[in-house]
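Those protein sequence lines, which keep their order, are chains A and B.
Under the UniProt record's numbering, the first residue of the first sequence carries the number 1, and numbering increases by one thereafter.
Under the UniProt record's numbering, the first residue of the second sequence carries the number 1, and numbering increases by one thereafter.
There are 2 protein chains.
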Amino acid sequence: MSTAPDTRLLKQVLATVDGDDPRLKQVVSALVTHLHAFVNDVRPTEQEWLAGLDFLIETGQRWCGPHRNEFILLSDMLGLTTAVDDVNHRGPDGMTPSSVEGPFHSPAPPRELGDWISSGPERDRATPTVVHGRVLDCDGTPLPGAVIDLWQANDTGLYDSQDDSQDQGNLRALLTTDAEGSYWFRTIRPSSYPVPTDGTAGRLLKAIGRHPMRPAHLHVKVTAPGYRTLTTHVFLAEDPYLDSDAAFAVKPELICVPRRRESPGDQERWRMDGPFEEIEFDLRLVPLDWTADDGEQTEERQ
Amino acid sequence: MSTAPDTRLLKQVLATVDGDDPRLKQVVSALVTHLHAFVNDVRPTEQEWLAGLDFLIETGQRWCGPHRNEFILLSDMLGLTTAVDDVNHRGPDGMTPSSVEGPFHSPAPPRELGDWISSGPERDRATPTVVHGRVLDCDGTPLPGAVIDLWQANDTGLYDSQDDSQDQGNLRALLTTDAEGSYWFRTIRPSSYPVPTDGTAGRLLKAIGRHPMRPAHLHVKVTAPGYRTLTTHVFLAEDPYLDSDAAFAVKPELICVPRRRESPGDQERWRMDGPFEEIEFDLRLVPLDWTADDGEQTEERQ
Numbered sequence: 001m002s003t004a005p006d007t008r009l010l011k012q013v014l015a016t017v018d019g020d021d022p023r024l025k026q027v028v029s030a031l032v033t034h035l036h037a038f039v040n041d042v043r044p045t046e047q048e049w050l051a052g053l054d055f056l057i058e059t060g061q062r063w064c065g066p067h068r069n070e071f072i073l074l075s076d077m078l079g080l081t082t083a084v085d086d087v088n089h090r091g092p093d094g095m096t097p098s099s100v101e102g103p104f105h106s107p108a109p110p111r112e113l114g115d116w117i118s119s120g121p122e123r124d125r126a127t128p129t130v131v132h133g134r135v136l137d138c139d140g141t142p143l144p145g146a147v148i149d150l151w152q153a154n155d156t157g158l159y160d161s162q163d164d165s166q167d168q169g170n171l172r173a174l175l176t177t178d179a180e181g182s183y184w185f186r187t188i189r190p191s192s193y194p195v196p197t198d199g200t201a202g203r204l205l206k207a208i209g210r211h212p213m214r215p216a217h218l219h220v221k222v223t224a225p226g227y228r229t230l231t232t233h234v235f236l237a238e239d240p241y242l243d244s245d246a247a248f249a250v251k252p253e254l255i256c257v258p259r260r261r262e263s264p265g266d267q268e269r270w271r272m273d274g275p276f277e278e279i280e281f282d283l284r285l286v287p288l289d290w291t292a293d294d295g296e297q298t299e300e301r302q
Numbered sequence: 001m002s003t004a005p006d007t008r009l010l011k012q013v014l015a016t017v018d019g020d021d022p023r024l025k026q027v028v029s030a031l032v033t034h035l036h037a038f039v040n041d042v043r044p045t046e047q048e049w050l051a052g053l054d055f056l057i058e059t060g061q062r063w064c065g066p067h068r069n070e071f072i073l074l075s076d077m078l079g080l081t082t083a084v085d086d087v088n089h090r091g092p093d094g095m096t097p098s099s100v101e102g103p104f105h106s107p108a109p110p111r112e113l114g115d116w117i118s119s120g121p122e123r124d125r126a127t128p129t130v131v132h133g134r135v136l137d138c139d140g141t142p143l144p145g146a147v148i149d150l151w152q153a154n155d156t157g158l159y160d161s162q163d164d165s166q167d168q169g170n171l172r173a174l175l176t177t178d179a180e181g182s183y184w185f186r187t188i189r190p191s192s193y194p195v196p197t198d199g200t201a202g203r204l205l206k207a208i209g210r211h212p213m214r215p216a217h218l219h220v221k222v223t224a225p226g227y228r229t230l231t232t233h234v235f236l237a238e239d240p241y242l243d244s245d246a247a248f249a250v251k252p253e254l255i256c257v258p259r260r261r262e263s264p265g266d267q268e269r270w271r272m273d274g275p276f277e278e279i280e281f282d283l284r285l286v287p288l289d290w291t292a293d294d295g296e297q298t299e300e301r302q
């Protein structure tokens with residue numbers, strides 16, 4: 001597929017990239033280099049090239065607005081958001097890996113440890129679930145007073161902002177870890193769901209034979225003084241889309257196994273009045289001053 | 001600048017690119033590969049990445065419409081349009097090189113050989129110019145009946161569509177070559193001009209320290225049965241922007257030297273009533289059935 005690029009033209013273009021901002025110069029130079037390599041690889045016809053530009057126009061004009069950003073969706077669907085996330089969040093062994101924030105974060109109501117965060121009609125339908133764990137340093141030191149910002153879809157795969165049957169703030173919470181760095185809350189099991197398919201990203205997915213599904217997950221953002229903010233997913237082990245997440249956000253360390261609990265002792269311990277599932281997930285944060293021993297490609301970029 | 005790409009993620013994304021259209025699969029796979037390489041090269045922060053996506057949104061929403069296509073302009077400014085043009089128009093030695101069409105083509109009025117194509121107020125201000133030459137096969141065979149579609153800016157750098165002082169069709173013409181494959185017409189010398197700078201492309205040019213100027217040129221599209229349609233520019237030799245065309249459309253073979261003519265004989269020959277400049281430019285077309293001897297990277301793509 002690859003052909004020798006027209007280096008004369010590329011050099012000519014690169015020679016014009018200058019200006020006062022060395023970072024911008026670096027970024028534009030790299031973009032120009034890679035896009036010229038793309039053109040030389042695929043040798044687009046003029047009709048194909050214009051069709052590509054029309055795709056960008058339609059994406060901006062028709063599918064981006066106050067409540068939608070189709071370019072972010074495209075970035076997610078091509079694994080680029082995860083690639084950007086990865087280069088910005090390298091860290092030590094034992095850290096909980098970062099994962100993309102996605103479009104559904106919004107301010108969450110503060111709640112007490114143990115609270116139900118589900119108060120909509122899904123409470124009567126869905127699998128009751130207890131989620132608990134600790135926020136820790138990578139060396140295992142508990143972090144009391146860490147704040148966990150949590151959001152999840154319901155059992156039909158909808159967030160409060162997409163679903164009139166849910167009150168604003170449903171299935172969202174701000175929780176603070178206790179003196180042992182522990183947290184827990186009661187909720188329902190979320191469902192997998194499709195990303196929006198009516199726009200250009202959906203058209204692309206269909207054309208390349210891909211499904212639009214994201215595996216079921218809880219979304220968390222954890223902050224603690226002296227530590228990097230961690231945004232990540234908690235995935236559920238048996239989800240059929242774990243190996244084909246449309247957003248490429250799954251990492252093995254983020255998958256946990258919900259355990260079925262039925263005994264009166266378990267029900268009493270977690271204040272449940274029937275069978276439920278238990279999810280245990282620890283969140284291990286990276287100190288702000290962490291640097292890689294080898295110093296290679298691992299510094300934090302903020 | 002370069003770092004080892006996250007090949008695990010890239011492979012994962014590429015494994016999802018399939019579908020019924022092998023060409024689309026090839027294009028999307030190459031795009032994904034080059035964009036991931038870009039991310040790994042520049043390691044954008046999340047803020048930088050979102051700023052890049054916002055740039056695309058603004059380009060589509062604010063600067064594209066029925067009379068403007070800022071994505072084409074960006075493609076021009078980054079040399080990508082010329083790169084696409086180049087991979088589609090390789091041909092034999094002696095061919096007139098292709099060059100980008102740009103945004104100003106529109107239907108032109110048929111005119112007779114020798115006609116004035118300038119009838120606006122520029123006729124009283126600008127340098128009178130005679131343009132002539134032949135349309136030929138690459139082997140030098142004249143092509144009678146070839147149609148030359150011509151458009152140019154006036155002496156202030158404006159096309160009819162940008163300038164209320166010009167009638168529609170001013171400085172445009174459809175001419176047909178005579179029995180010897182010759183053409184000629186009378187016009188005025190065009191001026192260099194800036195591309196639009198009020199949009200995202202202009203902002204980018206400014207940020208990377210570039211001027212927006214295109215060197216003075218005539219634009220031609222030549223059709224003849226049995227030959228590839230040739231779209232190209234004719235540039236004027238002493239233009240200060242020849243070495244820094246904002247659209248990277250200049251090729252050495254497309255530069256011609258306007259010659260000052262003052263003698264009564266010259267004036268009589270070209271039906272001019274005063275001093276003028278003479279531009280001679282032959283246009284050499286490539287047969288539709290041309291193929292490279294070595295067959296390597298040179299077939300026509302339509």
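Every residue gets a Cβ at the ideal spot worked out from N, C-alpha and C, and that includes glycine.
Beta-carbon proximity of residue i to residue j, cut-off 8 angstroms
| i | j | result |
| --- | --- | --- |
| B:R62 | B:A108 | no |
| A:V17 | A:V32 | yes |
| A:L288 | A:G226 | yes |
| B:A224 | B:L143 | yes |
| A:G202 | A:P215 | no |
| B:L218 | B:V195 | no |
| A:F276 | A:V130 | yes |
| A:Y183 | A:G133 | yes |
| B:V42 | A:A30 | yes |
| B:G79 | A:V13 | yes |
| residue 386 of chain B | B:A126 | With chain B represented from 1 up to 302, any question about residue 386 of chain B goes unanswered, as that position is not in the structure. |
| B:T96 | B:E253 | yes |
| A:G120 | A:Q166 | yes |
Residue closest to residue i, alpha-carbon to alpha-carbon, out of the options
| i | options | result |
| --- | --- | --- |
| B:G94 | B:I72, B:G226, B:D137 and B:D54 | B:D137 |
| A:K251 | A:L35, A:T232, A:G65 and A:Y159 | A:T232 |
| B:A237 | B:S192, B:G209, B:R210 and B:T200 | B:S192 |
| B:L73 | B:H132, B:Q267 and B:A247 | B:A247 |
| A:K11 | A:H36, A:D243, A:S244 and A:T141 | A:H36 |
| A:R261 | A:G274, A:G133, A:T82 and A:I255 | A:G274 |
| B:T7 | A:V87, A:A30 and A:V220 | A:V87 |
| A:T200 | A:G52, A:G120, A:L150 and A:D21 | A:G52 |
| B:L285 | B:A83, B:D21 and B:K221 | B:K221 |
| B:A179 | B:V147, B:D198 and B:H105 | B:V147 |
| B:D115 | B:G79, B:L283 and B:M272 | B:M272 |
| B:G19 | A:S75, A:W151 and A:L205 | A:L205 |
| A:G181 | A:V257, A:L283, A:Q267 and A:G209 | A:L283 |
| B:D245 | B:T177, B:D76, B:P258 and B:Q168 | B:D76 |
| A:T45 | B:E46, B:R23, B:G65 and B:T45 | B:R23 |
Buried versus exposed call for residue i [16 or more other C-beta atoms within 10 Å across all chains shown]
| i | result |
| --- | --- |
| A:D164 | exposed |
| A:P240 | exposed |
| B:E70 | buried |
| A:S2 | Note that A:S2 has pLDDT 38, beneath the 50 cutoff, so the model's placement of it is unreliable and no number is given. |
| B:T291 | exposed |
| A:R189 | buried |
| A:S118 | buried |
| A:H67 | exposed |
| B:S263 | exposed |
| B:Q152 | buried |
| A:P258 | buried |
| A:L9 | buried |
Spatial neighbours of residue i in its chain, beta-carbon cut-off 7 angstroms, leaving aside the 5 residues before and after
| i | result |
| --- | --- |
| B:S98 | D85, H89, L230, T231 and T232 |
| B:P92 | C138, V286 and W290 |
| A:R228 | L285, V286, L288 and E300 |
| A:L242 | P215, F235, V250 and I255 |
| B:F55 | T200 |
Proximal residues to residue i (C-beta, below 6 angstroms), its chain only, five neighbours per side dropped
| i | result |
| --- | --- |
| A:P110 | L174 |
| B:E300 | Residue placement at B:E300 is poorly supported in this model, since its pLDDT is 47, which falls under 50; the coordinates still yield a value, given next. Here the set comprises nothing. |
| B:L150 | A173 and V220 |
Cut-off 8 angstroms between Cβ atoms - residues of its own chain near residue i, not counting five sequence neighbours on either side
| i | result |
| --- | --- |
| B:E101 | H219, K221 and T231 |
| B:K25 | V17, D18 and G19 |
Problem - Against chain B: residues of the region 72-90 of chain A by CB proximity under 8 angstroms - result: I72, S75, L78, G79, L80, T81, T82, A83, V84, D85, D86, V87 and N88
Practice task
Could you name the residues of the region 33-54 of chain A whose beta carbon sits closer than 9 angstroms to any beta carbon of chain B, in the order they occur along the chain?
Solution key: Within the region 33-54 of chain A, the residues whose Cβ lies closer than 9 angstroms to some Cβ of chain B are T33, H34, L35, H36, A37, F38, V39, N40, D41, V42, R43, P44, T45, E46, Q47, E48, W49, L50, G52, L53 and D54, listed in chain order.
Exercise for the section: Scan the region 17-31 of chain A for residues whose Cβ lies nearer than 9 angstroms to a Cβ of chain B and list them as they occur along the chain. Expected result: V17, D18, G19, D20, D21, R23, L24, K25, Q26, V27, V28, S29, A30 and L31
Exercise for the section: Output, in sequence order along the chain, the residues in the region 246-277 of chain A whose CB is closer than 8 angstroms to any CB in chain B. Expected result: F248
Practice task
Check distances from the C-beta atoms of the region 187-209 of chain A to those of chain B and list, in chain order, the residues that come in under 7 angstroms.
Solution key: A207, I208 and G209
Handout entry: Chain-ordered residues of the UniProt region "Disordered" (94-126) of chain B with a beta carbon less than 8 angstroms from chain A
Key = Taking 8 angstroms as the Cβ-Cβ cut-off against chain A, none of the residues of the UniProt region "Disordered" (94-126) of chain B qualify.
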